[in-house]
Ligand code: BGC
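Residue numbers (our numbering): 3 to 502.
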């Protein structure tokens, strides 16, 4: 009789699903599994494909830095370096009640944020998961859904008690809209969608002013909200993080998508010269650097799996950097490697593999779970393969999967470090050092992601890389958006640059 083992437990996935496993597996049973040696040989091959040397990282950083600078020179570049019309840092004393609507990659959130000053705030919120259909339906319908959810939220939260919305008849609450897709902005309450990212494809939205579309929906549902500012999650992250930690100079998201924002002197943004803003004023720049190396693919180390991810996406050629890094794609990269080994007859011979052969069936959360499996037998990995894909695995295979997840996750973190390093190097932050507020599912939930980013920064900059420290950011899309609305209201009331 072959040796058998039992393991059981539960784990909650980011999707909210609970995965319970109670498993019995056999290593040396009748199914023809790959040998330990075969798996080790394959691993070596993937190691060389997914490993990024310090030298290669430095080359990427140099090209990245040039791209950022070019984006400030003229309009329409692939990495658009968008001036957001958020002028300078918050004082920390912004106060008042604000609504924030956050349309991110995965959820819609509606929030009531009470800014209390001195870097303090309170937030009440409701979250709605977006379906795949909602990401493809008519654009105006998506904004209608946002307005409808906001209306329901307001109706539920109007009242006298603390944490409730205190509304007099006819009164409107100021609203910050966080729309985390690249938009070119002429003013802070305007934004023309350049392109959908993160798998969205809603028709009749690209090339349109999404602020105007949302305002139309707010009117339709008679929502008592005064649209003040359109912002993206990274700009929000930059501002919210600075509100509580003034050492922050960069805000980043490593989640379903990836991006960064930082503060730039107007003198260094030649493309907005005609706006007559003082040279020494500062404006937050939404880099939209997930688009780095798009179309041309000159600088990033793309494997054939990355190319397949790209070619089969709804936006081939676009978001080249994001596709190597972000949570939307890492699981798919791993799945494609596994499928190649199935096709080559290395894995799962004699087993039904159709479940794992379905595109995007392999959640990026599985990579985190595999890397953090604490058991010698890798019971979590048994659970994932049996529960989701009805596949039996041997210990040698599970060790291989864990090592592969580590290669893909580590490459993502090291490439993430390159984007941060490019901003640091462009802005000359290395000697004095800076704090980087970072948010998103990868940064917050992937084990060791932040440590690997820090290691990457040291590989790029040597010991001085230790001066750049990332930390878990404040909620940029809710609190950040509210602070930006507060700053914008105050700026306009003072009559400062009211044209933008
Ligand atoms: C979007 C950015 C966003 C980032 C993180 C990217 O796909 O283009 O606007 O900041 O994802 O959510």
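For each residue, glycine too, the CB sits at the ideal point set by N, CA and C.
- [ ] Determine the DSSP secondary structure at residue 246, reduced to helix, strand or coil.
- [x] In the structure shown, residue 246 sits in a helix (DSSP, three-state: H, G or I).
Task: Bridge-paired residues (DSSP) for residue 127 - done: Paired residues: 113.
TODO: Determine, using beta-carbon pairs with one atom in the region 179–196 and one in the region 83–93, whether at least three such pairs fall under 8 Å.
DONE: yes
TODO: Could you tell me how far apart the beta carbons of residue 380 and residue 401 are, in whole angstroms, since I believe they sit closer than 8 Å?
DONE: Separation of the CB atoms of residue 380 and residue 401 is rounded to 7 Å, and the pair is thereby assigned contact status at 8 Å.
Task: Secondary structure of residue 225, DSSP reduced to three states - done: coil
Open item on the list: I'd like the span of the beta strand (DSSP E) that includes residue 98, first residue to last.
Closed with: 97–105
TODO: Measure the C-alpha to C-alpha separation of residue 136 and residue 105 and round it to an integer number of angstroms.
DONE: Take the alpha-carbon of residue 136 and the one of residue 105: they are about 12 Å apart.
Open item on the list: Which complete beta strand (DSSP E) runs does the region 235–306 hold, if anything under 3 residues is left out?
Closed with: Listed in chain order, they are 250–256, 260–267, 284–288.
Open item on the list: Would residue 257 and residue 450 be called neighbours here (beta carbons separated by less than 8 Å)?
Closed with: no
Task: Of the residues 272, 67, 311, the one placed nearest residue 74, counting alpha carbons only - done: 272
- [ ] State the CB to CB distance for the pair residue 388 and residue 332, rounded to an integer number of angstroms; the pair is presumed to be in contact (CB under 8 Å).
- [x] With a Cβ gap of about 22 Å, residue 388 and residue 332 do not count as contacting.
Open item on the list: Under 7 Å: does the beta carbon of residue 334 sit that close to some heavy atom of the ligand BGC?
Closed with: no
- [ ] Indicate whether the contact test is met: 3 or more Cβ pairs, each with one atom in the region 90–104 and one in the region 164–183, closer than 8 Å.
- [x] yes
Open item on the list: Among the candidates 153, 243, 90, 374, whose CA atom is the shortest distance from the CA of residue 265?
Closed with: 90
Open item on the list: So the candidates are 447, 496, 372, 329; which of them puts its Cα closest to the Cα of residue 405?
Closed with: 372
- [ ] Measure how close the beta-carbons of residue 36 and residue 348 come, nearest whole angstrom, since I'm counting them as under 8 Å.
- [x] Confirmed, Cβ separation roughly 5 Å.
Open item on the list: Along the chain, where does the alpha helix (DSSP H) containing residue 40 start, and where does it finish?
Closed with: 38–52
Open item on the list: Rounding to the nearest angstrom, what Cα-Cα distance links residue 57 and residue 474 in this structure?
Closed with: Each residue's Cα considered, the two are about 28 Å apart.
- [ ] Apply the 10 Å Cβ neighbour rule to residue 95 and answer buried if 16 or more other Cβ atoms are within range, or exposed otherwise.
- [x] exposed
Open item on the list: Less than 8 Å between the beta carbons of residue 223 and residue 149, yes or no?
Closed with: Yes, Cβ-Cβ distance for residue 223 and residue 149 is below 8 Å.
- [ ] May I have the straight-line CA-CA distance separating residue 78 from residue 478, to the nearest angstrom?
- [x] 26 Å
Task: Test item: CB-CB of residue 180 and residue 253 under 8 Å - done: no
- [ ] Answer with buried or exposed for residue 159, where buried requires no fewer than 16 other C-beta atoms within 10 angstroms of its C-beta.
- [x] buried
- [ ] Give a single yes or no on whether residue 183 has its beta carbon closer than 7 Å to a heavy atom of the ligand BGC.
- [x] The beta carbon of residue 183 sits closer than 7 Å to at least one heavy atom of the ligand BGC.
Open item on the list: Among 393, 423, 34, whose alpha-carbon lies nearest the alpha-carbon of residue 437?
Closed with: Between residue 437 and the set 393, 423, 34, the nearest pair of CA atoms involves 423.
- [ ] Confirm the yes/no value for this check: CB of residue 321, any heavy atom of the ligand BGC, distance under 7 Å.
- [x] yes
Task: Beta-carbon proximity check, residue 369 vs residue 415, cutoff 8 Å - done: no
Open item on the list: Using 8 Å as the threshold, is the C-beta distance between residue 296 and residue 263 below it?
Closed with: no
Task: Residue(s) in a DSSP beta bridge with residue 233 - done: 180
TODO: Could you name the residues of the same chain whose beta carbon sits closer than 6 Å to that of residue 452, not counting the 5 residues immediately before and after it, in chain order?
DONE: 472
Open item on the list: Checking the sheet assignment: what are the DSSP bridge partners for residue 194?
Closed with: DSSP lists 186, 211 as partners of residue 194.
TODO: Please name the residue or residues paired with residue 89 in a DSSP beta bridge.
DONE: 285
Open item on the list: What does the alpha-carbon distance come out to for the pair residue 428 and residue 302?
Closed with: 19 Å
TODO: Keeping to the same chain, check which residues put their C-beta closer than 6 Å to that of residue 382; ignore five residues upstream and five downstream.
DONE: 371, 375
TODO: For the beta strand (DSSP E) holding residue 358, just list the boundary residues, first then last.
DONE: Run containing residue 358: none; DSSP gives neither H nor E here.
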